[in-house]
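A.B. asks: Can you keep this structure in mind? I'll have questions shortly.
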Amino acid sequence: MKKKETYIFYAVGICLVTGLLAGFATESSVNDWYTTLNKPDFTPPGWLFAPVWIVLYILMGIAAGLVWARGFYHRYVKKSLYIFWFQLLFNGAWSMVFFGLKEPFLALVVISILLVLIVLTIRSFKVVSKMAALLLVPYLLWVCFATALNYKIWEMN
């Protein structure tokens, strides 16, 4: 395997494992607590979330792998990846807070921080690889949507 593909492989794996761990928190209450919540009309069907997140985690991993392959010894690569891994931590934390702790308001705080971190990641990735930055745009858009959904769920409950 070539160097770039190796970094992409590992980064995609890390992102998918993060999603899998977040999925365990989600699974614990998605079929009971979540079903009892009042939700806005724009709430997508439950079956849509898993495939969307799988695609997003793969895109995130490819983006991180492209940046990582440029060489961790470069200052901008290192900074970009630190921001990326930090936002990935908040990504996983959101599921734990919303579904695990059943705290929509605290989850709204977490996802708001996540949004800022995603924007910072995109800006930072753009310095290293424009393609990596572009690969994160669907993720940003989905998290914007998820933030609006989180807000409305908190407001309605």
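Numbered per numbering that gives the first Met the number 0, the sequence shown spans residues 0 to 156. Cβ coordinates follow ideal geometry from the N, Cα and C atoms, glycine included.
#1: Measure from the alpha carbon of A49 to the alpha carbon of each residue in W141, T35 and T146, then state which is nearest.
#2: Which parts of the segment 18–102 are runs of the alpha helix (DSSP H), unbroken and 4 residues or longer, counting only runs that do not cross its ends?
#3: Return the CA-CA distance between K151 and V11, expressed in angstroms with no decimal places.
#4: Does the distance from the C-beta atom of F89 to that of L80 stay below 9 Å?
#5: In whole angstroms, what is the alpha-carbon distance linking K1 and I13?
#6: Is DSSP giving K1 helix, strand or coil here?
#7: How many Å lie between G60 and F85 at the Cα?
#8: Comparing C-alpha positions only, which one of C143, Y138 and Y6 sits nearest to A68?
#9: Mind reading off the beta-carbon distance from V109 to V127? Whole number of angstroms is fine, and I expect it under 8 Å.
#10: Given that a residue counts as buried once 16 or more other Cβ atoms are within 10 Å of its Cβ, and exposed if not, what is T25?
#11: Between T120 and the rest of its own chain, which residues show a CB-CB distance below 6 Å, the 5 nearest in sequence each way excluded?
#12: Once you ignore the five residues that flank E102 on each side, which residues in its own chain have a CB closer than 7 Å to its CB?
#13: Excluding the five sequence neighbours on either side, which residues of its own chain have a C-beta within less than 7 Å of the C-beta of A92, listed in chain order?
#14: Looking at C-alpha atoms only, which residue of L116, L113, Y9 and V118 is the closest neighbour of I57?
#15: Mapping DSSP to helix, strand and coil, what is N156?
C.D. replies: Straight from the coordinates:
#1: What you label residue 49 is simply residue 50 of the sequence shown in a count that begins at 1. Cα-wise, what sits closest to A49 is W141.
#2: 32–35, 45–67 and 74–94
#3: In the sequence shown, residue 151 corresponds to position 152, counting from 1. In the sequence shown, residue 11 corresponds to position 12, counting from 1. Straight-line Cα distance between these residues: approximately 31 Å.
#4: Translated into positions along the sequence shown, residue 89 becomes position 90. Translated into positions along the sequence shown, residue 80 becomes position 81. Going by C-beta atoms, F89 is not nearer than 9 Å to L80.
#5: If you number the sequence shown from 1, residue 1 lands on position 2. If you number the sequence shown from 1, residue 13 lands on position 14. Approximately 18 Å between the Cα atoms of the pair.
#6: For the purposes of this step, residue 1 is identified with residue 2 of the sequence shown, where counting begins at 1. Of the three classes helix, strand and coil, the one that applies to K1 here is coil, per DSSP.
#7: The sequence position of residue 60 within the sequence shown is 61, counting from 1. The sequence position of residue 85 within the sequence shown is 86, counting from 1. Those two C-alpha atoms are separated by around 14 Å.
#8: Working through the sequence shown from its first residue, we reach residue 68 at position 69. Nearest of C143, Y138 and Y6 to A68, Cα basis: Y6.
#9: Within the sequence shown, numbered from 1, the residue matching residue 109 stands at position 110. Within the sequence shown, numbered from 1, the residue matching residue 127 stands at position 128. In fact, because the Cβ distance is near 26 Å, the residues do not count as touching under 8 Å.
#10: In the sequence shown, residue 25 corresponds to position 26, counting from 1. That one is buried.
#11: Indexing the sequence shown from 1 puts residue 120 at position 121. Excluding positions up to five away in sequence, the list reads I82, F83 and Q86.
#12: In the sequence shown, the residue the question calls residue 102 occupies position 103. Within the same chain, E102 has close Cβ partners V96.
#13: Here residue 92 is taken as the residue at index 93 of the sequence shown, counted from 1. Hits under 7 Å: V109.
#14: The sequence position of residue 57 within the sequence shown is 58, counting from 1. Checking every option, the nearest Cα to that of I57 belongs to Y9.
#15: Locating residue 156 in the sequence shown gives position 157, counting from the first residue. Note: N156 maps to coil in three-state DSSP.
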